[in-house]
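Have a look at the structure below, then the notes.
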Amino acid sequence: MTDDSNKTTHFGFETVPEGEKAGRVQGVFSSVASKYDIMNDVMSVGIHRLWKEAMMDWLAPRAGQKLLDVAGGTGDISFRFLRRAGYGHATVLDLTESMLVEGRKRAEAAAMAEQLDWVTGDAMALPFADNTFDVYTISFGIRNVTRPQEALNEAFRVLRPGGRLMVLEFSQLPNPAMQKAYDLYSFNVIPRMGQAIAGDRDSYQYLVESIRNFPDQDTFLKMVRDAGFENAKFRNLSMGIACLHSGWKL
Numbered sequence: 032m033t034d035d036s037n038k039t040t041h042f043g044f045e046t047v048p049e050g051e052k053a054g055r056v057q058g059v060f061s062s063v064a065s066k067y068d069i070m071n072d073v074m075s076v077g078i079h080r081l082w083k084e085a086m087m088d089w090l091a092p093r094a095g096q097k098l099l100d101v102a103g104g105t106g107d108i109s110f111r112f113l114r115r116a117g118y119g120h121a122t123v124l125d126l127t128e129s130m131l132v133e134g135r136k137r138a139e140a141a142a143m144a145e146q147l148d149w150v151t152g153d154a155m156a157l158p159f160a161d162n163t164f165d166v167y168t169i170s171f172g173i174r175n176v177t178r179p180q181e182a183l184n185e186a187f188r189v190l191r192p193g194g195r196l197m198v199l200e201f202s203q204l205p206n207p208a209m210q211k212a213y214d215l216y217s218f219n220v221i222p223r224m225g226q227a228i229a230g231d232r233d234s235y236q237y238l239v240e241s242i243r244n245f246p247d248q249d250t251f252l253k254m255v256r257d258a259g260f261e262n263a264k265f266r267n268l269s270m271g272i273a274c275l276h277s278g279w280k281l
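Per the numbering used here, the sequence shown runs over residues 32 to 281.
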């Protein structure tokens, strides 16, 4: 057996033992849970809503499908999926209980209660049987997972044959000058917004740093394929500020 006790990973720009990351990420999202949806609007100037609609357009939910929405937090993707599908079922899984609590408070949660489950769990060790779900989504969450490849492997395991993976995540702009301008905005403005709106500069500093540490589009596409997914592709959103990756379990 290999000794994993000395393995390290990124927590923003800090290098930390792998065993510490999940707890620290949990701390970040526990801190910002009550203001998370507001901060998403402010950080992206509302554009995250268009990105999520683009995600649903490509996903094309169908009636009766079973969705697993990992790092699903306040349920935003699950609500959109169920509205598009007409009827179906969504399981929202998140490492942070307080994010799920906020999700249950939303009006959509009450209206769709019979179609929703809320589960506290880890993307790298999903508490579900093989071949359970039709669709797996993770939106702005996989960069916070300690070992993203393991999360993708788990996604493949719990999807049924014919099932679809869809990942929405911040990514890299292909133009270095544009990337530099975006970085200036991210590092100078977003942590200040976090302080002003959520009273929490450090958590938003981490969120910005975590984006910079995430693999670029082609590297992540290879990870999707390495997990076993076929017909894997990506689409840039807003010139690469965000990106959708899609794959099929065939």
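Using N, Cα and C, we set each Cβ at its ideal position, and we do this for glycine too.
On the CB-based measure, 16 or more other CB atoms within 10 Å of its CB, does residue i come out buried or exposed?
i	result
Lys38	exposed
Ala116	buried
Leu215	exposed
Val123	buried
Ala208	exposed
Pro179	buried
Gly172	buried
Thr46	exposed
Ala7	No answer is possible for residue 7: it lies beyond the span of the chain, which begins at 32 and ends at 281.
Can you give the beta carbon distance from residue i to residue j, rounded, assuming they're within the 8 Å contact cut?
i	j	result
Gly193	Leu90	Not confirmed; about 14 Å, so no contact.
Asp125	Gly103	6 Å
Met224	Tyr235	7 Å
Leu147	Ser109	7 Å
Locate the beta strand (DSSP E) running through residue i, then write down its first and last residues.
i	result
Leu199	Leu190 to Phe201
Lys264	Glu261 to Leu268
Gly278	Ala273 to Trp279
Asp249	That residue, Asp249, is in no beta strand (DSSP E); its alpha helix (DSSP H) goes Gln248 to Asp257.
Leu147	Leu147 to Thr151
Ile169	Phe164 to Ser170
Val123	His120 to Asp125
Whole angstroms is fine: what's the gap from residue i's alpha carbon to residue j's?
i	j	result
Pro222	Asn71	13 Å
Leu113	Ala141	13 Å
Asp217	Glu49	Note on residue identity: the sequence assigns Ser, not Asp, to residue 217. Roughly 26 Å between the two C-alpha positions.
Asn219	Asp107	27 Å
Tyr118	Ala212	43 Å
Ser277	Met270	17 Å
Phe293	Val239	Beyond the ends of the chain as shown, which are 32 and 281, falls residue 293; an answer cannot be given.
Arg291	Thr105	Shown here, the chain extends from 32 to 281; a query on residue 291 therefore has no answer.
Ala121	Thr163	12 Å
Trp279	Arg137	31 Å
Arg80	Leu268	12 Å
Ile78	Asn175	21 Å
Trp82	Glu51	31 Å
Ile272	Pro205	9 Å
Thr33	Trp149	Since pLDDT at Thr33 reaches only 43, below the 50 mark, its modelled position is unreliable, and the value read off the structure follows with that caveat. So the two alpha carbons sit approximately 35 Å from each other.
Between which two residues does the alpha helix (DSSP H) containing residue i stretch?
i	result
Tyr235	Arg232 to Asn244
Ser159	Residue identity check: residue 159 is Phe in the sequence provided, not Ser. Premise fails: Phe159 is in no alpha helix (DSSP H) and is neither H nor E.
Tyr216	Pro207 to Met224
Phe112	Asp107 to Ala116
Asp140	Sequence inspection shows Ala at residue 140; the Asp mentioned does not correspond to that position. Counting along the chain, the alpha helix (DSSP H) containing Ala140 begins and ends at Ala138 to Ala142.
Ile78	Ile78 to Leu90
Val73	Tyr67 to Met74
request  = Would you be able to state if there are at least three C-beta pairs under 8 Å between the segment 130 to 139 and the segment 200 to 207?
outcome  = no
Meets three-Cβ-pair contact criterion under 8 Å: the segment 164 to 184 and the segment 254 to 274 = yes
task = Determine contact between the segment 243 to 257 and the segment 225 to 233, defined as no fewer than three beta-carbon pairs at a distance below 8 Å.
result = no
query = Quick check: the segment 95 to 105 against the segment 161 to 174, are there 3 or more CB pairs under 8 Å?
reply = yes
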